[in-house]
Amino acid sequence: MRTRACSTGILLLVILFGIFVAEADGLNRVYIHPSGSDQNDCSSLELQCRSINKALNALTEAGIIEVGGGIYSGVSNVAQTVIAAHAITIQGSYFTPSVFLGNGSSHCLEVTGSESVVLDRLTYMNCLRTYWPLIGHC
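Residue numbers (the working numbering): 240 to 377.
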């Protein structure tokens with residue numbers, strides 16, 4: 240029992256440290272989660288959006304899209320084009336997989352533009368590759 244309490248305490252510290260570092264880096268962040276709502280502005284964990292499309296529109300300068308763990312599908316989450324006018328990082332959850340499902344009918348993500356786009360800890364499944372450069376086809 241003592242080992243479990245210690246492990247839980249360490250995990251809590253790691254999570255809190257991660258949140259502190261995330262806020263301290265000064266980067267613009269927006270958040271999405273399968274239980275979020277696209278009526279929100281994506282600006283915090285309390286106001287997470289539901290779709291990558293909404294997050295891309297909310298990120299108006301260089302920054303990070305934090306993708307909560309879960310499964311994302313539908314046209315607001317796949318068949319998206321990222322026009323990189325500024326550096327963007329799209330990163331998934333450390334603990335629960337962040338999975339985008341193409342449902343076999345579209346590409347998952349197309350990246351164009353002159354700035355960098357970094358994809359980290361994301362899974363794209365069942366996507367079609369229709370033309371280059373596409374990211375995340377299976």
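All C-beta atoms in this analysis are idealised placements derived from N, C-alpha and C, irrespective of residue type, glycine included.
Let me know the secondary structure DSSP gives residue i once reduced to three states.
{"i": "N267", "result": "strand"}
{"i": "L367", "result": "coil"}
{"i": "N340", "result": "In the sequence as presented, Asn is not what sits at residue 340; that position holds Leu. Here L340 sits in strand by DSSP."}
{"i": "L298", "result": "coil"}
{"i": "A261", "result": "Note on A261: pLDDT 48, under 50, position unreliable in the model; the coordinate value appears next. Helix, per DSSP."}
If you compare alpha carbons, which of the options is closest to residue i?
{"i": "L286", "options": "N292, T299, I271", "result": "I271"}
{"i": "G343", "options": "T351, S353, D359, V314", "result": "V314"}
{"i": "N316", "options": "H346, S282, G352, S353", "result": "H346"}
{"i": "T362", "options": "S282, T351, G331", "result": "G331"}
{"i": "A297", "options": "G309, Y311, D277, D359", "result": "D277"}
{"i": "G352", "options": "G341, S282, R360, I327", "result": "I327"}
{"i": "G307", "options": "E300, Q319, V321, S283", "result": "S283"}
{"i": "C366", "options": "L358, E349, V356, Y333", "result": "E349"}
Identify the residues that DSSP records as bridge partners of residue i: which are they?
{"i": "C288", "result": "I271"}
{"i": "V321", "result": "V350"}
{"i": "G309", "result": "S337"}
{"i": "D277", "result": "For D277, which the question treats as bridged, DSSP gives no partner whatsoever."}
{"i": "V356", "result": "I327"}
What do you get for residue i, buried or exposed, if any count of 16 or more other CB atoms within 10 angstroms of its CB means buried?
{"i": "A324", "result": "exposed"}
{"i": "L266", "result": "exposed"}
{"i": "Y311", "result": "buried"}
{"i": "H339", "result": "His is not the amino acid found at residue 339; the sequence shown has Phe there. Classification of F339: buried, given that the 10 Å Cβ count is 16 or more."}
{"i": "E354", "result": "exposed"}
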